[in-house]
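In mature numbering (1 follows the signal peptide of the UniProt record, and there is no 0), the protein residues as written are -18 to -1, 1 to 115. Here's the structure, in structure tokens; my notes come after.
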């Protein structure tokens, strides 16, 4: 069950990251900037840079998590408890990662990133073992 919810939550987190980044861009540069060709790059410093990097990192993380989670949720077998727990942990730590990154708490951000990667590894290895058995 957590794997399925984690799939939805991962998409929602990417959407939220994009919305925050876009709203920050409009706030900083005005609504007219949204209708330009954006040939002038955005700043990579301060919250503007962090918001862009959060979005990029959440997309990269989703690309690693979603294939295994989708396989587990659609293959018809029972999802093992450890994979459900790992998927739940993944969502919690990715939310915490996002908040820590936005607020500039680098040590916490790195801790949450590592926990997220460990969760991805558990879900991916479980999906691989599911395929092999």
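Even glycine gets a Cβ: it sits at the ideal position worked out from N, Cα and C.
Under 8 Å between C-beta atoms of residue 65 and residue 108: yes
Range of the contiguous alpha helix (DSSP H) that encloses residue 27: Unbroken run through residue 27: none, as it is neither H nor E.
Local conformation of residue 66 per DSSP, three classes: helix
Residue 26 classed as buried or exposed, judged by whether at least 16 other C-beta atoms fall within 10 angstroms: exposed
Residue 38, buried or exposed, once every other Cβ within 10 Å from all chains shown has been counted against 16: exposed
Proximity winner among 95, 35, 51, relative to residue -10 (alpha-carbon distances): The shortest C-alpha separation from residue -10 is found at 51.
Length of the line joining the Cα atoms of residue 106 and residue 58: Taking the CA atoms as reference points, residue 106 sits about 17 Å from residue 58.
C-alpha gap between residue 48 and residue 112, whole angstroms: 15 Å
Beta-carbon gap between residue 36 and residue -2 smaller than 8 Å: yes
Length of the line joining the Cα atoms of residue 110 and residue 46: 13 Å
Limits of the alpha helix (DSSP H) - the one that residue 91 falls within: 88 to 114
Closest Cα partner of residue 20 within the set 29, 28, 8: 8
Per-residue DSSP class, three states only, for residue 55: helix
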